[in-house]
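Heads up: the sequence lines are chains A and B, in that order.
Every position in the first sequence, counted from 1, becomes a number in my numbering once 1167 is added.
Every position in the second sequence, counted from 1, becomes a number in my numbering once 21 is added.
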Amino acid sequence: MAFFLQNVVNALQWGSFYALIALGYSMVYGVLLLFNFAHGDIFMVGAYVGFFVATSLLLLVSYLGLVSLPGWLVLVLVILVAMLITAFVGVAVERIGYRPLRQAPRASAAITGLMIGIIFETGNLALLGATRLSFPELIETTTYTVGGVTLTNKRIMIVVVSLLLMFALHQFVQRTKWGMAMRAMAYDFAVVPLMGVPLNTIAALTFALGSGLAAAAGILFGVAYPVLSPYMGIAVGWKAFVAAILGGRGSILGAALAGFLLGFIEIFVATIFPSTLRDLIAFSIILVILVFRPHGFFGEAHTSRLRL
Amino acid sequence: MKKVTISLIVMLLLTVVLAACGGAAAPSAATNTIKIGVNAPMTGDIPKVGEGTKYSAEMWLEDVKAAGGLDVGGTKYDVELVIEDNEAKAESATAVTTKLISQDEVLAMVGPQSSKQAVPAGEVANNLKTLMVSPWSTNPNTTLDRPFVFRTPFLDPFQGPVLVNFATEEFGATKAAVLYDVASDYPKGLAEFFKSAWEELHGEGSVVAFESFTTNDTDFSAQLTTIKDSGAEVLFAPQYYNEVALIVQQARELGYDGPILGSDSWGSAELMNLCGDACKGLFFSTHYAAAGATGATKEFIDRYNEKYGYVPDDVGALTWDTMLLIQKAIQDCGTITGDIAVDRQCVRDAMAEIKDFEGITGSMTFTEEGDPVKCAVIVKISDAGEFEFYKQVCPE
C-alpha cells in the first residue's frame, strides 16, 4: 500500500509539469487555433531565466548582507520575476514569429514554431556552452515519512504551486473581461475581432499567460531536477502537447487533467514494466482514448471553419 | 532581375564548393604533415568529456610542436589535430569517423569516448582500415574482432566483478539493485556484467531490482521507489555524471539511505558541481585517482590544472596516454611513405606490438583484441569533493 501511495506521490509531481506546460499549448490553440511548437523551449527558457534570476538574487542578498531572507521567499520572488520575463519572451515570439504569419497557411505557422524552438536551443548552446547548469538549492530539503510514504517539502510545494497557478488561470479566464475576450475569441476567431475585441492584444496576452506558466514549470522543474540543459524542453514539450490535445481544445481543466493522467500512466508503467515500454504503453493508451473521444476529454467538435 | 539574382547565387555557391574541394585536396599532397583525428563529444550530453579530450590532445600537440615536430625515422613531421564534434550521438560519431578518415585523411583517430559512440565508430574505422584508439570506451564490443581498433582503459567484464567484490567486502551487502540507461551501450553492458558477477557470488535472485530508464529521462522516482521497496543494500548506477546527480538526489529524497556505487563514468570534474553534498562519501571505480598521485601522473595533473584551471578527469588522463601510444606507434613504424593506406597499416601493426607501455594511468600491454591489461582504482568522494584513492584492484 505504501508502495502504491509513494508512486501516487511520484506521479502527482511528474504530472504537475505536464499539466502546467499543457495549459500554454491549450490556450494558444484554443484562442488562435495555432500549435505553438516553440512552447517546450519556452519552458526551457523559463528554467534558464529562473536560474539567472535566482543566482543574481542570491548574489545580491549576500552582497547587501540580507542573510535573513528566507529561502522560500527567494523562490517566490524568483518564480514571479522569471514568469514576468518569460512572458515577455512569449510575447516577442508571438510578435516576431507568428503575427506576420497570421494570414498564412497554418502549416507555415506550425513550422515557424519548430524553427523558433530550434533557435532557442542552439542559441542557448552557442551562448552558454554545452555544460549543464546546476539550479541553485533555494530551499533546504526536509523529508517527512507518513505511513511509509516519503514526502519532501519540495514535492509538496511543487504540486501545491502548480494547482494554485492552474486555479488562478481558471479564475482569470472565467471571471475577468480579458478572460471573457479570450473565450469569445476561441468561440469565433473571425467575427469577434470585428466587434471591437483587439485581436493583437488578446493574442499577446494568451502568449504571455502561457509562457508565464511555462516559466513557473521550468523553475519547479529546476527545483526537482536541478540539472539544466538546452534540450530539456523537447521531450517534456512533446508530451505536454499530447496532453493539451487530449484535454480538449482550449479546455484548462482538460489540459490539467490530461497532464496529470499522463504523469500517472508514465510512473505506473515504469513501475510495472521495463521503462523501455513506458512511452509505448503510455501513448497506446492515449491512442485508444482518442479513438473513443476524438475531441479529447472536454473538447467540442470543430465547426466548419477548420483552419488546418 | 530575379533570374540574374538566382544565377549569381548559383555561381557563388559553386565557387564556394569548388574552393572547399580544392582546399581539402591540397594538404594531402604535402607529405611532411601527419594528421591525427579526434572524435569527441564537444556538445550533447557529456560536453565535459569532450573538453577534457580536446585539452589533453592539445597539450600533447604543444609538446610535439616544442620538439620541432614528430621525429619518425630521422625526419621531422608537422602534426595537425583535426578535432570534430560527435555530439555524443552514435550517428554523428560514425559520420565524423567517415569524414576524418575519407575526407581529412587522418593517419589515426583518437576516440570516440563513450561506448555508445565508440562501438559503431569502431566498425567504420575498421572497415576503412585506419587505426582507432578509444581512450575511454570500456565495452568489449568496441574492439571485438576489429584488428584496427584499440583502447586505453580496462574493460567492463573486469570492472563489473571489481565492483561486486568491493561492495561485498566494504558494505557486507548480499542484495544489490541496479539502475541503468537501457538505451546506451556502456551502462547497459556494465549493468549486465555487474548483475552476472553478483549472482555468481551471492546466488540467483540476489540482484533484487534491475531497473532501467531511457536516455534523457530526468525522473527516476518510479524506479527508485521499486528499488527502495526491494530491500537492496547497495545501489549500482553505472551512469554519466549529469544523470548521477539526479539519481543520487532523488534516491535520497525517496528515503533510500544505503550506499550508491558508481563506475568510471562518474569521474568528471562536473560531477561535484551538479551533485553537490549528496555525492560525498560515495565510491566509484575508475582509471586513476587525481588526489595523491605521484611521478608522471602528478606532473600531468599539475600541468593540466595550471593551464586549464581544474584537475583533469580520467578522460583527460586516458586521452594523454592515448596520444603518447599513437605517437609511439607512429615512431615505431619508422617510415612515412606518403601512401596513406600503407602508412595506416604500418601504424596499426606497430600499435599491436607495443609492450609494457608505462602510461600515467598504468602499464599497458595489448591483447590480441587490442585491449590493455591494467589495474582499476576504487575512489572515494571526500568531504571536500575530491576523488581520493581508496584501493587498487589488479587482474590476476
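Cβ atoms here follow ideal geometry from the backbone N, Cα and C, with glycine treated the same way.
Taking a cut-off of 8 Å for Cβ pairs, the region 280 to 295 of chain B and the region 257 to 266 of chain B touch, as three or more such pairs fall below it.
Note: Leu256(B) is bridge-paired with Ala198(B), Ile281(B) in the DSSP secondary-structure output. Excluding its 5 nearest sequence neighbours in each direction, Phe1465(A) has C-beta neighbours in its own chain below 7 Å: Gly1414, Gly1415, Ser1418, Leu1420, Gly1421, listed in chain order. Not a single C-beta of chain A is nearer than 9 Å to the C-beta of Lys301(B). In this structure Tyr309(B) is buried. Its beta-carbon is surrounded by 16 or more other beta-carbon atoms within 10 angstroms. Residue environment: Lys1406(A) is assigned as buried (16 or more neighbouring CB atoms within 10 Å of its CB, all protein chains considered). Minimum Cα-Cα distance from Phe1184(A) among the listed residues Thr1298(A), Met1399(A), Thr1222(A), Val1340(A) corresponds to Met1399(A). Counted as a single uninterrupted DSSP element, the beta strand (DSSP E) harbouring Phe410(B) occupies residues 408 to 414. Here the region 171 to 191 of chain B does not lie against the region 260 to 269 of chain B, with fewer than 3 beta-carbon pairs under 8 Å apart. Shown here, Thr1298(A) sits in coil according to DSSP, grouped into three states, outside any helix or strand. Here Ile1325(A) is not near Met1349(A), since their CB atoms are 9 Å or more apart. C-alpha of Gly1280(A) to C-alpha of Gly383(B): approximately 52 Å in a straight line.
Relative to Met293(B), the option among Thr246(B), Ser306(B), Ser403(B), Ala350(B) whose CA is nearest is Ser403(B).
Between Tyr1192(A) and Ala1411(A), the gap from beta carbon to beta carbon is short of 9 Å. At a Cβ-Cβ threshold of 9 Å, Val100(B) and Val117(B) do not count as neighbours. When Ser123(B), Glu108(B), Arg167(B), Ala371(B) are compared, the shortest CA-CA separation from Asp353(B) is found for Ala371(B).
By alpha-carbon distance to Ile399(B), the top candidate from Tyr411(B), Gln270(B), Ile104(B), Ala317(B) is Tyr411(B).
Contact residues of the region 1426 to 1451 of chain A toward chain B are Ile1434, Ala1437, Thr1438, Pro1441, Ser1442, Thr1443 (C-beta to C-beta distance below 7 Å). The C-alpha of Ala1437(A) is placed about 6 Å away from the C-alpha of Arg1445(A). Beta-carbon to beta-carbon, Phe1210(A) and Val1403(A) are separated by about 7 Å, close enough to satisfy the 8 Å threshold. Only those residues of the region 1398 to 1417 of chain A whose C-beta falls short of 9 Å from the nearest C-beta of chain B are listed: Tyr1398, Met1399, Ile1401, Ala1402, Val1403. Interface residue (Cβ-Cβ distance to chain A less than 9 Å): Leu91(B) is not classified as such. Around the beta carbon of Phe1408(A), 16 or more other beta carbons sit within 10 angstroms, so the residue counts as buried.
Nearest CB-CB separation between Ala204(B) and chain A: below the 9 Å threshold. Contact of Trp1181(A) with chain B is assigned, a C-beta pair being separated by under 9 Å. Excluding five sequence positions before and after Cys396(B), the CB atoms of its chain that fall closer than 8 Å to its own CB belong to Phe175, Gly383, Gln413, Val414, Cys415, Pro416, given in chain order.
Within the region 338 to 396 of chain B, the complete beta strand (DSSP E) runs of at least 3 residues fall at 378 to 380, 383 to 385. Secondary structure at Tyr1311(A): strand, using DSSP grouped into helix, strand and coil. Assignment of Ser135(B) by DSSP, reduced to helix, strand and coil, places it in the coil class. For Leu295(B), the closest of Ser1396(A), Ile1452(A), Pro1461(A) by C-alpha to C-alpha distance is Ser1396(A).
For Glu190(B), the uninterrupted alpha helix (DSSP H) segment begins and ends at 177 to 192. A Cβ of chain A is located within less than 9 Å of the beta carbon of Gln244(B).
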